[in-house]
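Taking it in order: structure first as structure tokens, then the write-up.
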Amino acid sequence: MATDNHTRGEHDYDVVVIGGGGAGLAAAVSAAERGASVILFESEGELGGSTALSAGLFTAAGTSVQKELGVEDSVDRYFQHYMDLNQWLLKPGLVRRFCELAGPTFEWMLELGLEVPAQISGNAHQPGLSRAGVEDVWRGHVPKDQGYGLVQVLDRARKAHGIDAVLHTRVERLLVVDDGGVSRVAGVVADGVELTAGAVVVATGGLAQNPELVERWFPDALRAGESLFVVAAEGSRGDHIAYGAQVGAGIAGDGWGLMLPTAEFVRHHHWQAGFPPPSRVHVNGQGLRFMDEDASYAVSGGLIDAQGGPTWMVFDEAARVALPDGYADWDAERVTALVDTGQVTRADDLVSLAAAIGVPADHLVATVERWNDQLPHGSDIDFQRDRTLAAKGVTAPLAPIAAAPFYATCVLPAELVCTHAGLEIDTSASVLDHGARPIPGLFAAGEAGGGVLGNRYVGGGNAIANALTIGRLAGQNAAAAAIRA
Ligand SMILES: Cc1cc2nc3c(=O)[nH]c(=O)nc-3n(C[C@H](O)[C@H](O)[C@H](O)COP(=O)(O)OP(=O)(O)OC[C@H]3O[C@@H](n4cnc5c(N)ncnc54)[C@H](O)[C@@H]3O)c2cc1C
């Protein structure tokens, strides 16, 4: 481990940051802005973690981008939506602090060079302001170059502050000292070397890449069985859980995380996988439609789970042949090939398709007829998908589901994106012990910090907003604690 030797008082560095994703970089930069000497450790060969893989969608209220577009929003409104969607299972004080700081953190990112044009965006791939989830006001900010763009902006700021980032170095454990009968975190151990610090920020991301920890902290993910696949970054090994055990930290977010619904044969995030055909209907075991097929991640997984059995995506031959080339999973020829493996069911008519997937034929026929009476005419009286499509900029009516043969494939929450079980934090991003007392010298943020990400994902943009907002807060408070120490 090669580091420059910065000293203040009795420690090597004021602040050690563990993890170089969004939360860690935001913490490192903000600690340096407060005058702290900072070093950052990253286990992988490059910075970025899941943040760099993400669309970079950032939810925040009352931003300059919203104002320029004439979108009225407020912290109160954001807070209310956040708490209601999460059924008030989160601590309101922490969530309010997060909602208050998300806007200023977004503005800070703009000052550092992030580009988010004041224009309406139809999806997470178009820079601008998008509809993030099921909120009543648009607050999903999509940056230029998406998550990679966020990381580049923060990394430039890191370099400008002269903060060392030590790559290929997985921090093994915290350095804990006894301070008059109280445990205090006083540094880290990496590559067998002890490095002392006034404060440590744990920003190691989630635990999605660690099967044992997924089983313990997010067992619902395993319901996907063999269809389960993980898109979180390789470094998401859940090291924060072991650090927490070292110091008796509480864990918030037990059992929660984000699973995206997908067809059972898909194995990649949609950027590589491609998208299912727009002309499709989702039906449950009764052959009945139960959701807007484009429903936000905020609710779609829950809707599928609530059916209590297999759910199906049904489409026709016209939809299959219209699939664009160049994608790994949603490819016309691949769909045909999957009929042989049984992951896609094909039949000459809807009655035979219903028999093959075990749903009542009269229900499936009536469901498709009703769908054809509505969506191809630009309306969706039952599930309001026309509104979702309009928010994505899709105004052309969908083609009917009418051309034989017909196809069905299971749709289920199988794509594991992020996990929410993190070291419990307070409104200063201090890690709390089992008695809800701050552990001196220890801060956490991002997926490694628990309490902001809840049982429901508040639209695309919730986790990036959490990583950067709480990361920045943790960096500021770690700097203050270290400089006082
Ligand atoms: C494909 C994809 C798309 C997504 N899209 C969005 C989106 O658009 N909007 C949104 O809100 N959320 C999105 N998310 C979720 C969001 O990206 C993450 O929740 C967020 O980026 C987590 O940030 P983080 O800093 O906590 O973790 P990360 O960005 O994963 O950073 C953690 C870093 O710590 C490193 N690390 C781990 N252990 C150690 C150790 N012991 N020592 C040193 N380093 C260590 C890791 O290698 C990693 O680089 C997406 C996620 C994925 C995977």
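All residue numbers for the sequence shown refer to my numbering, where the first residue is 22 and numbers rise by one. Cβ atoms here follow ideal geometry from the backbone N, Cα and C, with glycine treated the same way.
With contact defined as three or more Cβ pairs closer than 8 Å, the region 248-264 and the region 418-428 are not in contact. Exposed is the label assigned to tryptophan 109, since fewer than 16 other Cβ atoms lie within 10 Å of its Cβ. An exposed status is given to threonine 362, since fewer than 16 other beta-carbon atoms sit within 10 Å of its beta-carbon.
Here isoleucine 402 is exposed: its Cβ has fewer than 16 other Cβ atoms, across all protein chains shown, within 10 Å. Cα atoms of arginine 406 and serine 142: separation of roughly 18 Å, rounded to the nearest angstrom.
Per the DSSP secondary-structure output, leucine 61 pairs in a beta bridge with Val38 and Ala186. Positions of the beta strand (DSSP E) runs, each at least 3 residues long and wholly inside the region 228-296, are given as 278-284 in order along the chain. The residue from Thr225, Trp129, Leu46 and Tyr103 with its alpha-carbon nearest to that of arginine 118 is Tyr103. If you look at arginine 341, you'll find it in the alpha helix (DSSP H) that goes 338-342. Glutamine 267 and isoleucine 446 have their C-alpha atoms some 16 Å from each other.
Bridge partners of proline 434 according to DSSP: Pro282. Each residue's CA atom was taken as its position, placing leucine 374 and leucine 279 some 31 Å apart.
Valine 158 and alanine 417 have their C-alpha atoms spaced approximately 24 Å apart.
Not one heavy atom of ligand 1 sits closer than 6 Å to the Cβ of serine 321.
In the structure shown, isoleucine 460 adopts extended strand secondary structure according to DSSP, grouped into three states.
Judged by DSSP secondary structure, aspartate 350 falls outside any alpha helix (DSSP H); it is assigned neither H nor E. According to the DSSP assignment, serine 451 belongs to the beta strand (DSSP E) that extends over 451-453. The C-beta separation of aspartate 200 from proline 461 comes to about 7 Å, placing the pair in contact by the 8 Å criterion.
Ranked by Cα distance from leucine 344, the first of Ala465, Ala502 and Phe296 is Phe296. Under the 10 Å beta carbon count, glutamine 167 is surrounded by 16 or more other beta carbons and is classified as buried. Taking C-beta separations shorter than 8 Å and ignoring five residues to either side along the sequence, the partners of alanine 294 in its chain run Thr283, Val287, Arg288, Tyr348, Ala349, Asp350 and Trp351, following chain order.
Following the DSSP letters along the chain, one finds alanine 207 inside the beta strand (DSSP E) bounded by residues 203-211.
In the three-state reduction of the DSSP assignment, methionine 334 falls in the strand class, which pools E and B. The continuous alpha helix (DSSP H) containing threonine 409 extends over residues 406-412. With the rule of 3 Cβ pairs closer than 8 Å, the region 355-370 does not count as touching the region 310-317. In this structure, ligand 1 has a non-hydrogen atom nearer than 6 Å to the beta-carbon of phenylalanine 62. Closer than 6 Å to some heavy atom of ligand 1: that describes the Cβ of glutamate 65. Within the model, the alpha-carbon separation for cysteine 120 versus threonine 448 is close to 11 Å.
Between ligand 1 and the CB of valine 252, the shortest heavy atom gap is smaller than 6 Å.
The way I'd put it, the region 75-95 doesn't touch the region 219-229; fewer than three beta-carbon pairs between them come closer than 8 Å. With a threshold of 6 Å, the Cβ atom of threonine 490 does not count as near ligand 1, since no heavy atom of the ligand is closer than that.
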